[in-house]
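K.L.:
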Amino acid sequence: MVAGSRGPAEGKATRPIRILIGKPGLDGHDRGAKVVAAGLRDAGMEVIYTGLHQTPEMIVTAAVQEDVDVVGLSILSGAHLTLFPRVKQLLSSQGRDDILVIGGGIIPQDDIDKLEAQGVARLFGPGTSTDDIVDFVTMWIQSQTA
Amino acid sequence: MKHDEAHEIWRGQYDKAGKRNVDFVTQSSAEVEPLYTPSDLAGFDPSGQLSDPGSYPYTRGIHPTMYRGRLWTMRQFSGFGTAVDTNGRYTFLLVRGQTGLSVAFDFPTLMGYDSDSPRSEGEVGKCGVAISSLEDMETMFDGIPMEQVSTSMTINGPAAMLFCFYVAAAERQGADISKLRGTVQNDILKEYQAQHAWVFPVEPALKIIVDMFEWASEHTPQWNTISISGYHIREAGSTAVQELAFTLANGFEYVERAVAAGLDVDDFAPRLSFFWDVHNDFFEEIAKMRAARRIWARHMRERYGAKKTRSEMMRFHCQTAGVSLTAQQPMNNVVRVAYQAMAAALAGAQSLHTNSLDETLALPTEGAVKLALRTQQILAHETGVANVMDPLGGSYYVESMTNRMEQEAENLFEQINKLGGVVRGIEGGWYQRQIAQSALRFQHEVEQHRRVVVGVNDFMDQDGEELEILKVSEAADTTQRERLASLRARRDNGRVEECLVALREAAERDENVIPPMLDCARSYCTLYEMRHALEAVYGAYREPVFF
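Protein sequence lines correspond, in order, to chains B and W.
Under the working numbering, think of the first position of the first sequence as 1, with each following residue one higher.
Under the working numbering, think of the first position of the second sequence as 1001, with each following residue one higher.
Below you can see the structure in the form of structure tokens.
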């Protein structure tokens, strides 16, 4: 299977992987989010970018409406311990634990451990290659459809 | 042997020899020649293009003495937690020889929210200090004489409101406000383009900035009313030339707005200041800042008819490139910062912030900030760079690069004009696209190994370096909520309401909003209360979303 697409599973027809890139909170640093969004698009995924200054509620509403497979969150303001788990909880409360939540930003290792324990599947730090993110998402989708 | 013949011999040798398999380009992907010679400076006119330091067009610096008269200001940008926490950090830095203060605000403050606003949850005091009212500002400067220190405040969307808190706090200390020295960033155009901490739509935001120019020229004549900033444009991904041109075009836009509002260019232009990023490419950065001074002086004199020399002089602050720091092998960042700082000194900066090695991980620890400050002190006192003005002036390479960047900036000014100007460029997302494309190109170069980033895509270590990082107390949130609740209970709420109505009415009547805003600050109106009052008239900005 080519990177960026998913096989038939859970009643869904074959289609490209759909991913929502969200910027929760107030920080305006979108360089990383935009570079990652473009990298995922170039790998064949369908990417929806929310724009800046989103609340977790706005992001989850968009993710559910757009029926995405993955939500990727970017925070560089230090508010990650509040906002990442909130997105995860809101998805859960809508019965959408099937949506993979990943993230990136300026996040210390201690906090990465805490967030992964709360269900954020993976946090990508500074210096990450977009290929690593593409690979992680593709492998996860494959593991879901296997 | 004539020089041309010798040059031909060299060229033959160079062309025949093997070269390393890398792109010989700058940090901004601009190609560079292997050698620069007199032929690269054909038509060069040292008296017209360079002159001497302190003389038009100021290519070599704005002061006749430069660092022999006074070293650059060592100004470390800092702030975290509550006003009490930040007051402690400022005292620490002043005692260790820092010569100016620079306030980093948290995101709620940057966006005009109070610490107890619902949107502020999780963000209070996280990457800067939380300042929601005059009371917080008074606490932050407790024991620091505001009439004597010079303070820079990085605030844009709600810049006028924080400036009013500052003026009101100085009044409370009994300071003569006409002696206040410092800078408020107040550069909203680059917020829409790159940094993204906006509040109001473009037109009312520009109107408030012109109000500040007008009010400050009369009441706080030593205060820099704006710091026209390339830093954030560059950090968001632009090239050096884009940083140069976009920033100067923004500067021209502010000048034109103020002149259109009836201000005399020589009344406000002497208080315009600039802020550049100093990135990794040593010579490109130096050339950029030399070109910036020359372009600004020429446009101010020839296009805007400035008569005062201070209106033509570009004074600027620099910060080393945050985006060049790596989370991998963070000790390496000390070296990057030192080279970048040296470029700033060789370019004739008026003030400098050196980043701390741990800033890709968190806000810096005291130890890391001290090392960053010491880096500047070693540069200033031990390397000899402060002895001679513009020591790279006359270098074939630096002069030809300065000329090239000047020309490329002029080309971009023309392109912006064709788009319909700066505001049109913002509303159509042109700047945002240009910057994002440059960021993406850089990322591709790194991922394709056409560019080496030490410790990231080459020279990697298996073992990570463990660094102790600063943890901002979660208590800031609670403390701020309590402080605000107490303030709201204690203050004269009738007076607060009157002041907010007066502010809104001034906005409706299109009057200068600074006097009623200062009354709001003095009466302990909060930041969000002021934002809310003005939003009722001006509305809020909505960004064009794309990637």
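We put the CB at the ideal spot given by N, CA and C, even for glycine.
Taking the alpha-carbon of residue 1531/W as reference, which of 1093/W, 1025/W, 1157/W has the nearest alpha-carbon?
P.N.:
Residue numbering aside, residue 1531/W sits at position 531 when the second sequence is read from its first letter. Checking every option, the nearest Cα to that of residue 1531/W belongs to 1157/W.
K.L.:
Can you list, in chain order, the residues of its chain whose CB lies under 7 Å from that of residue 1343/W, leaving out five sequence neighbours each side?
P.N.:
Against the second sequence, residue 1343/W aligns to sequence position 343. Here the set comprises 1278, 1282, 1285, 1286.
K.L.:
Can the beta-carbon of residue 1526/W be found closer than 8 Å to that of residue 1133/W?
P.N.:
Position 526 of the second sequence, counted from the first residue, corresponds to residue 1526/W. Position 133 of the second sequence, counted from the first residue, corresponds to residue 1133/W. Against a cut-off of 8 Å, the Cβ pair of residue 1133/W and residue 1526/W comes out as a contact.
K.L.:
Can you have a look at residue 1460/W and say buried or exposed, based on whether 16 or more other CB atoms are within 10 angstroms of its CB?
P.N.:
The count along the second sequence starts at 1 and reaches residue 1460/W at position 460. By the neighbour-count rule (16 or more Cβ atoms within 10 Å), residue 1460/W is not buried but exposed.
K.L.:
Assign residue 1516/W to one of three DSSP states: helix, strand, or coil.
P.N.:
Residue mapping note: residue 1516/W aligns to position 516 of the second sequence, counting from 1. Looking at residue 1516/W - three-state DSSP - the assignment turns out to be helix.
K.L.:
Give me the chain B residues within the contact set of residue 1392/W, using Cβ-Cβ distance strictly less than 7 Å, ordered along the chain.
P.N.:
For this step, residue 1392/W is matched to residue 392 along the second sequence. Result: empty, since nearest Cβ-Cβ is about 30 Å, beyond 7 Å.
K.L.:
Between the beta-carbon of residue 1426/W and the beta-carbon of residue 1237/W, is there less than 8 Å?
P.N.:
As a first step, residue 1426/W is located in the second sequence; it is residue number 426 there, counting from the start. As a first step, residue 1237/W is located in the second sequence; it is residue number 237 there, counting from the start. Result no, Cβ atoms of residue 1426/W and residue 1237/W do not sit closer than 8 Å.
K.L.:
So which residues of chain B does residue 1111/W contact, with C-beta pairs closer than 8 Å?
P.N.:
Counting from 1 along the second sequence, the entry for residue 1111/W is found at position 111. By Cβ distance, chain B contributes 26, 53.
K.L.:
With 8 Å set as the bound, which would you pick, yes or no: does the beta-carbon of residue 9/B sit closer than that to a beta-carbon of chain W?
P.N.:
Taking the first residue of the first sequence as 1, we reach residue 9/B at position 9. Low confidence applies here, because residue 9/B scores a pLDDT of 48, under 50, leaving its location unreliable; read the following figure in that light. Residue 9/B does not count as touching chain W.
K.L.:
Give me the Cα-Cα distance between residue 1354/W and residue 1275/W, rounded to the nearest whole angstrom.
P.N.:
Within the second sequence, residue 1354/W is the residue found at index 354, counting from 1. Within the second sequence, residue 1275/W is the residue found at index 275, counting from 1. Approximately 13 Å, taken between the alpha carbons.
K.L.:
If contact means a Cβ-Cβ distance below 9 Å, which residues of the region 78-100 of chain B contact chain W?
P.N.:
Cβ contacts with chain W: 78, 79, 80, 81, 82, 83, 86.
K.L.:
Taking 8 Å as the threshold (C-beta atoms), are residue 63/B and residue 20/B in contact?
P.N.:
Indexing the first sequence from 1 puts residue 20/B at position 20. Indexing the first sequence from 1 puts residue 63/B at position 63. Result yes, Cβ atoms of residue 20/B and residue 63/B sit closer than 8 Å.
K.L.:
Note down the Cα distance separating residue 1486/W from residue 1122/W, rounded to an integer number of angstroms.
P.N.:
For the purposes of this step, residue 1486/W is taken as the residue at position 486 of the second sequence. For the purposes of this step, residue 1122/W is taken as the residue at position 122 of the second sequence. The straight-line gap from Cα to Cα measures roughly 21 Å.
K.L.:
Using a Cβ cut-off of 8 Å, pull out every chain B residue sitting near residue 1361/W, in sequence order please.
P.N.:
On the second sequence, position 361 is the one that residue 1361/W refers to. Per Cβ cutoff of 8 Å: 106, 108.
K.L.:
Once you ignore the five residues that flank residue 1450/W on each side, which residues in its own chain have a CB closer than 6 Å to its CB?
P.N.:
Here the question's residue 1450/W lines up with position 450 in the second sequence. The answer, listed in chain order, is 1023.
K.L.:
Would you list, in sequence order, the uninterrupted alpha helix (DSSP H) runs of no fewer than 4 residues that lie entirely inside the region 1449-1525 of chain W?
P.N.:
Those alpha helix (DSSP H) runs which fall completely within the region 1449-1525 of chain W and span 4+ residues are 1475-1490, 1493-1508, 1514-1522.
K.L.:
Taking the alpha carbon of residue 18/B as the point to measure from, which residue in 71/B, 94/B, 104/B has its own alpha carbon closest?
P.N.:
Translated into the one-based positions of the first sequence, residue 18/B becomes position 18. The candidate whose alpha carbon is nearest that of residue 18/B is 71/B.
K.L.:
Excluding the five sequence neighbours on either side, which residues of its own chain have a C-beta within less than 6 Å of the C-beta of residue 1549/W, listed in chain order?
P.N.:
With chain W covering 1001 to 1547 only, the question about residue 1549/W has no answer from this structure.
K.L.:
For a contact defined as C-beta to C-beta under 7 Å, what are the partners of residue 129/B on chain W?
P.N.:
Taking the first residue of the first sequence as 1, we reach residue 129/B at position 129. Within 7 Å Cβ-Cβ: 1447.
K.L.:
So that I know if they touch, is there some Cβ in chain B lying closer than 8 Å to that of residue 1196/W?
P.N.:
The residue labelled residue 1196/W in the question sits at position 196 within the second sequence. Cβ-Cβ to chain B under 8 Å: yes for residue 1196/W.
K.L.:
Determine the chain W residues that contact residue 37/B at a beta-carbon separation under 7 Å, and present them in chain order.
P.N.:
Mapped onto the first sequence, residue 37/B falls at position 37. Near residue 37/B (Cβ distances below 7 Å), the residues of chain W are 1547.
K.L.:
Cβ of residue 1038/W within 8 Å of Cβ of residue 1396/W?
P.N.:
In the second sequence, the residue the question calls residue 1038/W occupies position 38. In the second sequence, the residue the question calls residue 1396/W occupies position 396. Result yes, Cβ atoms of residue 1038/W and residue 1396/W sit closer than 8 Å.
K.L.:
How is residue 1392/W classed by DSSP in three states: helix, strand or coil?
P.N.:
Numbered from its first residue, the second sequence carries residue 1392/W at position 392. Residue state, collapsed to three classes: coil.
K.L.:
Spatial neighbours of residue 1521/W within its chain, please: C-beta separation below 6 Å, excluding the five flanking residues on both sides.
P.N.:
Residue numbering aside, residue 1521/W sits at position 521 when the second sequence is read from its first letter. Cβ neighbours of residue 1521/W beyond the five flanking positions: 1134, 1164, 1165, 1168.
K.L.:
Can you give the Cα-Cα distance for residue 1228/W and residue 1490/W, rounded to whole angstroms?
P.N.:
The sequence position of residue 1228/W within the second sequence is 228, counting from 1. The sequence position of residue 1490/W within the second sequence is 490, counting from 1. The alpha-carbon atoms of residue 1228/W and residue 1490/W are separated by roughly 39 Å.
K.L.:
Rounded to the nearest angstrom, what separates residue 8/B and residue 100/B at their Cα positions?
P.N.:
For the purposes of this step, residue 8/B is taken as the residue at position 8 of the first sequence. For the purposes of this step, residue 100/B is taken as the residue at position 100 of the first sequence. With a pLDDT of 45 at residue 8/B, under the threshold of 50, the predicted position of this residue should be treated as unreliable, and no value is reported.
K.L.:
Checking contacts by CB at 8 Å: is residue 1572/W closer than that to chain B?
P.N.:
The structure shown does not extend to residue 1572/W, since chain W is modelled only from 1001 to 1547, so the question has no answer here.
K.L.:
Count the other CB atoms within 10 Å of the CB of residue 11/B; is the residue buried (16 or more) or exposed (fewer)?
P.N.:
The residue you call residue 11/B lines up with position 11 of the first sequence. With a pLDDT of 47 at residue 11/B, under the threshold of 50, the modelled position of this residue cannot be trusted; read the value that follows with caution. It is exposed - the Cβ of residue 11/B has fewer than 16 other Cβ atoms within 10 Å.
K.L.:
Just the C-alpha distance for residue 1086/W and residue 1015/W, rounded to the nearest angstrom, thanks.
P.N.:
What you label residue 1086/W is simply residue 86 of the second sequence in a count that begins at 1. What you label residue 1015/W is simply residue 15 of the second sequence in a count that begins at 1. Each residue's Cα considered, the two are about 58 Å apart.
K.L.:
Does residue 125/B come within less than 8 Å of chain W when only Cβ atoms are used?
P.N.:
Here residue 125/B refers to the residue found at position 125 when the first sequence is read from its first residue. Yes, because at least one Cβ of chain W sits closer than 8 Å to the Cβ of residue 125/B.
K.L.:
If we ignore side chains and look at the alpha-carbon of each, how far apart do residue 1222/W and residue 1272/W end up?
P.N.:
Translated into positions along the second sequence, residue 1222/W becomes position 222. Translated into positions along the second sequence, residue 1272/W becomes position 272. Answer to the nearest angstrom: the Cα atoms are 11 Å apart.
K.L.:
Quick check on residue 101/B: does DSSP put it in helix, strand or coil?
P.N.:
One-based indexing of the first sequence puts residue 101/B at position 101. Strand at residue 101/B.
K.L.:
Give the straight-line distance between the Cα atoms of residue 1335/W and residue 1514/W, rounded to the nearest whole angstrom.
P.N.:
Within the second sequence, the letter at position 335 stands for residue 1335/W. Within the second sequence, the letter at position 514 stands for residue 1514/W. Looking at the two C-alpha atoms, the distance is approximately 44 Å.
K.L.:
Would residue 1129/W pass as a contact of residue 1200/W if the rule is Cβ separation under 8 Å?
P.N.:
The count along the second sequence starts at 1 and reaches residue 1129/W at position 129. The count along the second sequence starts at 1 and reaches residue 1200/W at position 200. Not closer than 8 Å, so no.
K.L.:
Distance, Cα to Cα, residue 1416/W vs residue 1189/W?
P.N.:
Here residue 1416/W corresponds to residue number 416 of the second sequence, with the count starting at 1. Here residue 1189/W corresponds to residue number 189 of the second sequence, with the count starting at 1. So the alpha carbons of these two residues sit roughly 14 Å apart.
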